[in-house]
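Using our numbering, read the sequence shown as starting at -17 and increasing by one per residue. Ideal placement from N, C-alpha and C gives every residue a C-beta, glycine not left out. From a predicted model like this one, the values you see are computed outputs, not experimental measurements. Data block below; observations after.
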Amino acid sequence: MNIHGFLKYQFNHFILRRRWILPIPVGLCLGYWAQKVIQSAVSSYAPASQGNALEAFIWAFGKPEIVYFVVSVLWIFLISDLTPEGSFGQQIILRLGSRSTWWMGKVLFVLLSTFAYALVLMTSFFIPVLSKYPFSETWSTASLNSSGINLGYSTMNSSPLQAFWNILLFLLIGWFAIGLLVQIINLIFKQRWAGFLSGIIIIICSMLGAIDGGPIGGNGITSFFLLQNHLEFTPLWVPERVIPEIYSWIFWAVWVLVCLVTGFIISRRTNFYAVKQEEG
């Protein structure tokens, strides 16, 4: 078996499951909610203007409660059981002939799953939104009003389309990195629940700020190590980012690199055939 066959096996085994239907109703509900928020803001503060579908996206996926406790928790649930391998998966490792190839296949699958999750979630989200508002590259009057939608940093530093891509790219790299960490934890503890539980704890702690108190975004050097300053582009109402964007990209690059190296080391040392794990 080559890595292409391994990816196909994982797609059939992990993606084609009923749990992967969940992003659809979640996306639809979030889209309906965001559409209603935009509708309320437009009718209250700028009744003569037209809303913007991209503003609905920026509102929903710039809202910390949604980013952490809804879409990120759902993501962790979907990919929390990719490792360790069950009995049939152990036979796949033998057919691959290399533990390094196996780990590389897992990494690629987490990456592809990230894109698949985002595609399903975002498509579902925009269905109710686009039924009411079109895409536009200019900000609506309601979004520029501090008492309206109040999109903060995005309206002052970019166009709606630029803000859309900024938010989406940070979510993609963040979900990919968190997904890799979940697999690492599963391999260390040889239990599928370990990665899920650890991922949930990480997400919850991301909203707590620094341990020593102070501002939610942290102070000084501690702000560079807080996940909340990297996963979300910026909270809705914040007029500026706590740290420059380039440092967030460095943060995620280092995170992914450490996970890649750690995964290779663990996969070489782990006795997969001693792992007793029932097929999910």
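When the Cα atoms are used, what is the spatial distance from residue i to residue j?
| i | j | result |
| --- | --- | --- |
| residue 223 | residue 36 | 20 Å |
| residue 68 | residue 91 | 17 Å |
| residue 242 | residue 232 | 15 Å |
| residue -10 | residue 55 | 25 Å |
| residue 229 | residue 117 | 30 Å |
| residue 263 | residue 214 | Because the chain here runs from -17 to 262, residue 263 falls outside it and cannot be looked at. |
| residue 58 | residue 107 | 19 Å |
| residue 250 | residue 210 | 33 Å |
| residue 66 | residue 175 | 10 Å |
Considering only C-alpha positions, which residue in the set the options is nearest to residue i?
| i | options | result |
| --- | --- | --- |
| residue 178 | 149, 11 and 60 | 60 |
| residue 171 | 95, 62, 122 and 205 | 62 |
| residue 32 | 16, 73, 125 and -11 | 125 |
| residue 245 | 183, 174 and 83 | 83 |
| residue 122 | 112, 152 and 141 | 141 |
| residue 120 | 137, 113, -16 and 112 | 137 |
| residue 64 | 1, 248, 180 and 165 | 165 |
| residue -8 | 74, 40 and 26 | 74 |
Are residue i and residue j touching if we call contact CB-CB under 8 Å?
| i | j | result |
| --- | --- | --- |
| residue 100 | residue 154 | yes |
| residue 135 | residue 38 | no |
| residue 42 | residue 23 | no |
| residue -3 | residue 145 | no |
| residue 87 | residue 183 | no |
Rounded to whole angstroms, how far is the Cβ of residue i from the Cβ of residue j, which I believe are closer than 8 Å?
| i | j | result |
| --- | --- | --- |
| residue 109 | residue 13 | 6 Å |
| residue 53 | residue 162 | So it is not a contact: roughly 18 Å between Cβ atoms. |
| residue 103 | residue 5 | 4 Å |
| residue 93 | residue 51 | With a Cβ gap of about 24 Å, residue 93 and residue 51 do not count as contacting. |
So, helix, strand or coil for residue i, using DSSP?
| i | result |
| --- | --- |
| residue 142 | helix |
| residue 225 | coil |
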